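S.K.: Quick note: the sequence shown uses the working numbering, first residue 5, plus one each step.
Glycine is no exception: its CB is placed at the ideal position from the N, C-alpha and C atoms.
Remember, it's a predicted structure, so these values are computed and weren't measured experimentally.
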Amino acid sequence: MKNLPLHWKILIGMALGVLFGVVAVNTGLEDFTRKWIMPWGKIFLNALKLIAVPLILASLIKGISDLKDISKLSQIGGRTLAIYVATTVTAVVIGLLLVNIIQPGSGIAESTRTSLMKENQTKSNEYQGKAKDTPTFKEAPLRFIEDMVPDNIVGAASSNKNMLQVIFFAIFFGIAMILVKEEKVRVVKEFFDGFNDIVLKMVDLVILAAPYGVFALLAGLVVTSPSADIFIALGKYAFTLILGLAVMIGVYAVLVAIFTGKSPGFFFKAIAPAQLLAFSTSSSAATLPVTMERVEEHLGVEKEVVSFVLPIGATVNMDGTSVYQAVAAVFIAQVYGFDLTFGDQITIVFTATLASIGSAAVPSAGIVMLVIVLESIGVPPAGIALIFAVDRPLDMCRTVVNVTGDAAVSMLVAKSVGKLGEPKVKNWDDNYDKVA
Ligand code: ASP
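(1) For K438 and L204, what's the separation of their Cα atoms in angstroms?
(2) Take S288 as the anchor and find which of I361, I182, K266, F354 has the nearest alpha-carbon.
(3) Work out the CA separation of A393 and A223 for me, nearest whole Å.
(4) Rounded to whole angstroms, what is the Cα-Cα separation between S414 and L303?
(5) How far does the alpha helix (DSSP H) with W44 in it reach, from first residue to last?
(6) Determine the burial state of A86: buried for a count of at least 16 other Cβ atoms within 10 Å of its Cβ, exposed for fewer.
(7) Can you name the residues that DSSP bridges to V305?
(8) Output the residue ranges of the alpha helix (DSSP H) runs that lie fully inside the region 168 to 230 and measure 4 residues or longer, sorted by chain position.
(9) Would you tell me roughly how many angstroms separate the C-alpha atoms of K13 and S69, rounded to the nearest one?
(10) Going by the CB atoms, is the gap between T295 and L314 shorter than 8 Å?
(11) With DSSP collapsed to three states, give me the class of A113.
(12) Is D155 helix, strand or coil when you go by DSSP?
(13) Quick one: Cα of N435 to Cα of M18, how far?
(14) In whole angstroms, give me the CA-to-CA distance for W40 and L77.
(15) Determine the DSSP secondary structure at S163, reduced to helix, strand or coil.
(16) Work out the CA separation of I211 and E114 for me, nearest whole Å.
(17) Just verifying my parser: in three-state terms, what is the DSSP assignment at T345?
(18) Under 8 Å: do the region 381 to 396 and the region 327 to 344 share three or more Cβ pairs, one atom per stretch?
(19) Give a single yes or no on whether R396 has its beta carbon closer than 7 Å to a heavy atom of the ligand ASP.
(20) Could you have a look at P9 and say whether DSSP puts it in helix, strand or coil?
(21) Does DSSP put D437 in a helix, in a strand, or in coil?
(22) Using 8 Å as the cut-off, can you tell me whether the region 252 to 271 makes contact with the region 168 to 178, which would need three or more C-beta pairs spanning the two stretches below that distance?
(23) How many whole angstroms separate the CB atoms of I391 and A332, which I take to be in contact at a CB cut-off of 8 Å?
(24) Can you find the residues in the same chain that come closer than 7 Å, C-beta to C-beta, to I16, ignoring five residues on each side of it along the sequence?
(25) Using the Cα positions of M152 and S326, report the straight-line distance between them to the nearest angstrom.
(26) Just verifying my parser: in three-state terms, what is the DSSP assignment at I262?
(27) Is T92 near the ligand ASP - that is, is its Cβ less than 7 Å away from at least one heavy atom of it?
(28) Report yes or no: do three or more beta-carbon pairs, one from the region 401 to 417 and one from the region 120 to 129, lie closer than 8 Å?
(29) Please name the residue in V26, L102, F36, T319 whose C-alpha comes closest to that of F335.
(30) Express the C-alpha separation of V407 and K423 in angstroms, rounding to a whole number.
(31) Alpha carbon to alpha carbon, how far is N104 from T351?
(32) Specify, as a first and last residue, the run of the alpha helix (DSSP H) that E143 falls within.
(33) Taking the alpha helix (DSSP H) that P277 falls in, what are its first and last residues?
(34) On the criterion of 16 or more Cβ atoms from any shown chain inside 10 Å, does I371 qualify as buried, or is it exposed?
(35) For A220 and V191, what's the separation of their Cα atoms in angstroms?
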């Protein structure tokens, strides 16, 4: 068992978690699961999230100050953003094509629609309320940049939703460090080098608990999930979305193969633990520590690229969320009987791209931003009530794609700047003996 690859251990943990959940539901152990199993999932999730902010700070500051010259940074930065926008737009277009061809919303009966709307009214109102804080692009076109620059670093670091603000501070700090004479910043640099190593070790230690953490997360999910009938009513919608997500995974495999010459097998084997964790946690931010470790050690992307491309990607590049925004928006419009024009579809490309960039890397962030997409095409945002019941499992799936996209783009960027080497695989539990 000790030498089993990590992704197998996580998969076994997930399978046993689901099994346990099903048994618990059928034997009246729901309360026990809620009280004694679910908290472990939460604890694991918290430990992962806990590392996110220090990891971003340490690795970005270290990564940028290692570059020693600003032109390299702007080269990597420019390519990263260009590829991120390109994959995001591709994802929205794929979503739009599929949902227009399959038309999952056309077959929904009036009665199903009313019952879904009624059942999820409170939640729908809550999410619409959250979205109200976000002005539309027309109201505040520069809001995105405004939100990125924090007025207080402690405030920014106090919530994982503000990851972009922490990234901004770290890049700013790193750039200033390059500009100050080397001997003056030596101590600071050594401090961040050491800090970075310590945080990475924390990641290693948390990963030791991953198979148990996902067990608890999935057991809890099964116990709290809604009945199967609803899944069937929304089956065509879920199918369309999952198909779109699968196509995106295929797109990454092709891009990686064409531009880096690495086989899909190599790519997916390397990032499987991050994908499984993304699935179990529904959060790109919580998965970030593992994504970074896998991309650096198992895909061979050099640290300078990893520490820049992945933290930014976790919040900015959400291709799974983009496919979802497109499919969900059109699905809701179809259920309501709206005829969307070509112009509306173009609006979706634009707003869904921005909405996925603006979504925080946390569970259910995508559905909040969906409200804005719906408003932009004049469909009642209350329609999100229609898809609530299946949103969590689909959130799990789209988060897998979000994380996979970040990993693929980091390979492309690394290749383009000559920073893609051979994997330097450390056994994930090579410290097991020291901590056990
Ligand atoms: N849960 C997703 C993520 O963290 C965001 C979303 O809700 O689509 O990547």
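M.R.: In this structure, then:
(1) Only weak support exists for where K438 lies, its pLDDT of 47 falling under 50; the coordinates are left without a value.
(2) The shortest Cα separation from S288 among I361, I182, K266, F354 belongs to I361.
(3) If I take the Cα positions, the gap works out to 18 Å.
(4) 10 Å
(5) 42 to 71
(6) Label assigned to A86: exposed.
(7) Bridge partners of V305 according to DSSP: L424.
(8) Entirely contained in the region 168 to 230, the alpha helix (DSSP H) runs reaching 4 residues are, in chain order, 186 to 212, 214 to 228.
(9) 37 Å
(10) Judged by their CB atoms, L314 and T295 are nearer to each other than the 8 Å cut-off.
(11) The answer is coil: DSSP assigns A113 none of H, G, I, E or B.
(12) coil
(13) Any reading at N435 must be qualified, since the residue scores a pLDDT of 44, below 50, and its modelled position is unreliable; the value itself is stated next. If I take the Cα positions, the gap works out to 23 Å.
(14) 48 Å
(15) If DSSP states are grouped into helix, strand and coil, S163 belongs with coil.
(16) 47 Å
(17) coil
(18) yes
(19) no
(20) coil
(21) Because D437 sits at a pLDDT of 44, beneath the cut-off of 50, its placement in the model cannot be relied upon, and the following sentence gives the value as read from the coordinates. It is helical.
(22) no
(23) 6 Å
(24) P215
(25) 20 Å
(26) Reduced to three states, the DSSP call for I262 is helix.
(27) no
(28) no
(29) L102
(30) 20 Å
(31) 15 Å
(32) Where E143 is concerned, there is no enclosing alpha helix (DSSP H), given that its DSSP letter is neither H nor E.
(33) 268 to 285
(34) buried
(35) 43 Å
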